[in-house]
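Novice: Residue numbers for the sequence shown follow this note's numbering, so the first one is 102 and each next one is one higher. Glycine residues also receive a C-beta, built at the ideal position from the N, C-alpha and C atoms. Below is the structure I would like to discuss, written out as structure tokens.
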Amino acid sequence: MKRIEVFLLGTPRVYIEKSRYLFPYGRAEAMFYYLVVKGSENKQVLEDIFWGDKYDQEKANRNFRNALYRIRKDFGKEFLISDGRQKVRIHPQADMYVDILDMKQDLEVLSGKESLCFLDYFEVKESVGFEKFVYQERVRLQEEIYNLVKLELEKENRRLDLCEEICKNLISLDEFCEKYYELLMEVYGIMGEKQKAESVYRELKRLLEKELGTEPEAFVEQTAERIRNTGDKIAGVSTGSQIAEDQRCAELLQWISMFWDRAEYRKLKYFSGYGEDVLVELIEKLVKSGKIIETESGGKIFYSFADEEEGKTVYNNMSLTRRRRLHTVMARRFEEQFQTGQNEDLLPRIIYHYFRCGDQKNADRYLKEYLCKYMEISHEYFPVTIGYRIVYNTETYLNNKKQIQYLLEVMEAYVEESAQSVDPNAFERERLKLYCTMLAQSYVKIPDYEKAWKYIDKLEKIQGITIESVKQKACLYMDICQGGELIRISRQGEALTKEETGERGYWKRIRGIGFILEGKMKEGRQELLQSADIFLEKQWRKYWITNAAVAYSWVGESWRLEGKLDNAMEYFRKSLDIHSGVHNISGKTLLYLRMGQGLFDQGKEGQAERYLKAAIQSFEHLEVVFKRSSAYALEAVLLFRKGEFSEGAEYLKKAGIFAE
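In structure tokens:
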């Protein structure tokens, strides 16, 4: 095989047998870099990332094949191999050097680099997927380089000049990242260059005061103070501090108060900046003093105030500057985690902390991203959830009621204040649209239908009738079982939908549910089956397949309501087959209930109870309100028949509560 050298830090360069190689066009080059980092990828994913945003499927596939041909032609036929018909991967025996892989063995690889930025100045237009990949790799590699320098400083024969160079390069990539400055201070401290360390500290302090109006974090202050108080030479990297232990305990309590309810150990370590030994000592002291309590859940350790009021006092006693600074740190670090891993559970935290630190611009940016995900994903599924939870990813998308309540209060106050403005400017209009949309969907879920309608009306006054506002109405009408309104609203949504998109199936599904709620089973099945056919078309299947499962579930329910149980179970099983391959607990919840009801109607009570218990477990996890009383009531009947009257009575009480 040919000898290939790939340099991805700074301006990317590729050499084949020591000769510089220039790619024929940018997307083939981008795909090459992507595969070098990933090692392998699904062919369809590669098509979608590099050509899906710009071309139709046929042209995207043709361009993808051409890129594969050019890479194999120039790098060797065996360089890229196919894993069956699904994956493309770089041959494991390829003779290839990659700088970001080699730096793990030898930090010297980073010496003399003009920039440590991954794929610096390289971009592909109209490829959102590739942009996201590049950003995530940049964040990941910066963190990896930072950790490699820390490891180098622990070695006996550490290369301090190299560490100094790398730290300065890291600072040039992110001038507001305090830990990069702190690491450079550590390097100078070990060198015995106390004045240089102090100069770095003062430069950071000046920058933060000028640009952000804040002070350096506690861990930076501690390092600066420690270096000032040492001799001319520091033997090694220390996690000790001259700051009194009581003061450190007070700072740790401040961090715990930032979490509102409880702080998990790893996150507390991450945000506080304390080394493990120091952190454990501080926690031990606070636990023994009775100020905090520790609990274990799911293998993780959490810390909270023994007295909730004391936690509020600690938070409120911080200066406004200090609180805003900590909220800024948490927002940025959660943001970094989100951009690296795209964990949607982090979005509410990012929004909350940006609101709290007064950065409304960034709060709005992530609120908009949250809404896009909700409108595109969560509105596709039924039922709707309550209790500030959205069905997406881990099913606990909004999982901190205090944080969400605060966000709602802030947004409501802004909307009410802006209502006094006769002619809001463009910026205000965009923010009003964003907040009204968020408030409307939140109050559908809580539920508070009066407030939901209030903000839907405000939204339409600002922007007119749009597909987003119509979806809000559809969601609300489903929640209150208004079949006729669902039929009407589905036609309105259909008129606003582009002709050739999966949205066509969405509105047919809504209309089919409306017909079934109105007792028009035949018409409902027709719409639902047509919607499922659309969802399962090749170009829509990946994104809309769970909607097909929900459509089949409703078809099965229509047959069950007509007493045709064999037909019902046929479609329930079709739905279950799809659900087995996707993560959609909300869709499974109603399906389990319906299968339990169908099996109960067939006299198969043992099997029925198994599905009913699964449905109830999901109901209680998601706090789903629609049809929840039916699950409790039927479970109560089964328990009564087994003679378990006390437990059956409890389920009957629950059924009554959710039937109101």
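State the DSSP-derived secondary structure class of residue 123, mapped to helix, strand or coil.
Specialist: The answer is coil: DSSP assigns residue 123 none of H, G, I, E or B.
Novice: Check each candidate in 157, 394, 693, 508 and name the one with the smallest Cα separation from residue 458.
Specialist: Of 157, 394, 693, 508, the residue nearest in Cα terms is 508.
Novice: Considering just the uninterrupted stretch of the beta strand (DSSP E) at residue 404, what are its terminal residues?
Specialist: Its beta strand (DSSP E) spans residues 401-406.
Novice: Can you give me the C-alpha to C-alpha distance between residue 161 and residue 640, rounded to a whole angstrom?
Specialist: Rounded to whole angstroms, residue 161 to residue 640 spans 12 Å at the Cα level.
Novice: Taking the beta strand (DSSP E) that residue 184 belongs to, which residues open and close that run?
Specialist: Note, residue 184: beta strand (DSSP E), 181-184.
Novice: Which residues bound the beta strand (DSSP E) around residue 665?
Specialist: Element bounds for residue 665: n/a, residue is neither H nor E.
Novice: To which residues of the same chain is residue 140 closer than 8 Å at the C-beta, ignoring the five residues directly before and after it?
Specialist: Within the same chain, residue 140 has close Cβ partners 190, 191.
Novice: State the Cα-Cα distance for the pair residue 462 and residue 541, rounded to the nearest angstrom.
Specialist: Approximately 21 Å between the Cα atoms of the pair.
Novice: Using DSSP's beta-bridge definition, name the partner residues of residue 733.
Specialist: Answer by DSSP bridge pairing: none, since residue 733 is not bridged.
Novice: I'd like the list of long-range same chain contacts for residue 545, defined as Cβ closer than 8 Å, with 5 residues on each side in sequence excluded.
Specialist: So the list reads 485, 553, 573, 576, 577, 580, once near-sequence residues are dropped.
Novice: Measure the CB-CB distance between residue 220 and residue 109 and report whether it falls below 8 Å.
Specialist: Contact flag set, yes.
Novice: For residue 749 and residue 735, which I take to be in contact (beta-carbon distance under 8 Å), what is that distance rounded to the nearest angstrom?
Specialist: Residue 749 to residue 735, Cβ: 11 Å. No contact.
Novice: Check the C-beta distance from residue 279 over to residue 305 and give it rounded, since I have them as a contact under 8 Å.
Specialist: Their Cβ separation, rounded to whole angstroms, is 7 Å, which keeps residue 279 and residue 305 in contact under 8 Å.
Novice: When the Cα atoms are used, what is the spatial distance from residue 596 to residue 624?
Specialist: C-alpha separation (whole angstroms): 20 Å.
Novice: Please classify residue 744 as buried or exposed, where buried requires at least 16 other C-beta atoms within 10 Å of its C-beta.
Specialist: Flag for residue 744 reads exposed.
Novice: Which stretch, first to last residue, makes up the alpha helix (DSSP H) that contains residue 232?
Specialist: 229-254 is the span of the alpha helix (DSSP H), which, as asked, contains residue 232.
Novice: Excluding the 5 residues preceding and the 5 following residue 670 in the sequence, name in chain order all residues of the same chain whose CB lies nearer than 6 Å to its CB.
Specialist: The residues are 699.
Novice: Report all residues from its chain with a CB closer than 8 Å to the CB of residue 644; omit the five preceding and five following residues, and keep chain order.
Specialist: So the list reads 603, once near-sequence residues are dropped.
Novice: Please determine, among 673, 271, 232, the residue with the shortest C-alpha to C-alpha distance to residue 249.
Specialist: Ranking the options by Cα distance to residue 249, first place goes to 271.
Novice: Where residue 195 and residue 241 are concerned, what is the direct C-alpha to C-alpha distance, given to the nearest angstrom?
Specialist: Their backbone Cα atoms lie some 25 Å apart in a straight line.
Novice: Specify, as a first and last residue, the run of the alpha helix (DSSP H) that residue 166 falls within.
Specialist: Start and end: 158-176.
Novice: With a CB to CB cut of under 7 Å and the five nearest residues on each side skipped, what residues in its chain are close to residue 264?
Specialist: Closer than 7 Å at Cβ, skipping near neighbours: 250, 253, 254, 288.
Novice: Pick from 569, 114, 175, 222: whose alpha carbon is nearest that of residue 598?
Specialist: The shortest C-alpha separation from residue 598 is found at 569.
Novice: Which whole-angstrom value is the C-beta distance of residue 537 and residue 566, which I expect to be below 8 Å?
Specialist: About 13 Å separates the two Cβ atoms, so there is no contact after all.
Novice: When burial is assigned at 16 or more other CB atoms within 10 Å of the CB, is residue 611 buried or exposed?
Specialist: Its Cβ being crowded by 16 or more others within 10 Å, residue 611 is buried.
Novice: Note down the Cα distance separating residue 338 from residue 168, rounded to an integer number of angstroms.
Specialist: At residue 338, the pLDDT of 43 sits below 50, so the modelled position is not reliable and the matter cannot be decided from this model.
Novice: Starting from residue 197, trace the beta strand (DSSP E) in both directions and tell me its first and last residue.
Specialist: Residue 197 -> beta strand (DSSP E) spans 197-199.
Novice: What does the alpha-carbon distance come out to for the pair residue 450 and residue 432?
Specialist: The straight-line gap from Cα to Cα measures roughly 7 Å.
Novice: Under a three-way DSSP split, which group does residue 398 fall into?
Specialist: Strand.
Novice: Run through DSSP, which three-state label would residue 225 get?
Specialist: Three-state DSSP puts residue 225 in coil, outside helix and strand.
Novice: So what's residue 386 in DSSP terms, helix, strand or just coil?
Specialist: Residue state, collapsed to three classes: helix.
Novice: Going by DSSP, name the residue or residues bridged to residue 364.
Specialist: Answer by DSSP bridge pairing, in chain order: 404.
Novice: Exposed or buried, which one is residue 626 when buried takes at least 16 other CB atoms within 10 Å?
Specialist: That one is buried.
Novice: Pick out whichever of 420, 571, 402, 227 has its Cα sitting closest to the Cα of residue 364.
Specialist: The residue with the shortest Cα to Cα distance from residue 364 is 402.
Novice: How big is the Cα-Cα spacing for residue 299 and residue 329?
Specialist: Each residue's alpha carbon lies about 8 Å from the other.
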